[in-house]
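Contents: one structure, followed by commentary.
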Amino acid sequence: MKLKILLFIIICPLGFLAACHEVPAKSNAVLEAEAYLESQGYELVSLVGEESLLLDTKILMDPGYSQIWQVQPFNSADYLDQPLTTVEFIIQRHPLELLYKSQKTRIIVYLHQNQVIGGWSLPVFSSEVLVGTVHSLDGKTAEEVQ
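The structure is reproduced here in structure tokens:
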């Protein structure tokens, strides 16, 4: 009997704490990016993260970013000195999976004022290593976007 009371005393507070644990709400940018990707037929596997990006001339001129700007459907100069939000996901059912025989795709969505304006994608292999060139959100190369 004492064991039952002791278990009750231990389990009740733990159950209460678990019920009160709040799941952090997703930002509007994440919700918008999720809705966009799902509307394209992609299956969301996981949310990697969300960050802010101020698109300035230093970033636009950085050779490391040149491939990224080449696959955008927007003119990057139109967003110069404006804050963007990047939301990164791991997804499935993307055209790169067939091209690279990968199981997942890493995708970065760019948003301006919570509206999707572009992004880029890369295949992900079982080791989570990023391989290949940067592609547009829908898997096109820079030549195909132009």
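Here the sequence shown stands for residues -18 to -1, 1 to 128, where the numbers follow mature numbering (1 follows the signal peptide of the UniProt record, and there is no 0).
We treat Cβ as the ideally placed atom computed from N, Cα and C, and that holds for glycine.
Treat the numbers as computed from the prediction; the structure is a model and nothing was measured.
Of the candidates 78, 53, 36 and 107, the residue whose Cα lies closest to the Cα of residue 118 is 53. The straight-line gap separating the alpha-carbon atoms of residue 7 and residue 82 is approximately 34 Å. By the Cβ-count criterion, residue 80 is exposed, with fewer than 16 other Cβ atoms from all chains shown falling within 10 Å of its own Cβ. Burial state of residue 14 is buried, judged by a 10 Å Cβ sphere holding 16 or more other Cβ atoms. Beyond the five residues adjoining it in sequence on each side, residue 38 comes within less than 8 Å, by CB distance, of 62 and 63 in the same chain, given in chain order.
Judged by DSSP secondary structure, residue 83 falls outside any alpha helix (DSSP H); it is assigned neither H nor E. The residue from 116, 103 and 21 with its alpha-carbon nearest to that of residue 71 is 103. Contact between residue 68 and residue 35 holds, since their C-beta atoms are separated by about 5 Å, short of 8 Å.
In this structure, residue 12 and residue 26 do not form a Cβ contact; the two beta carbons are roughly 10 Å apart against a cut-off of 8 Å.
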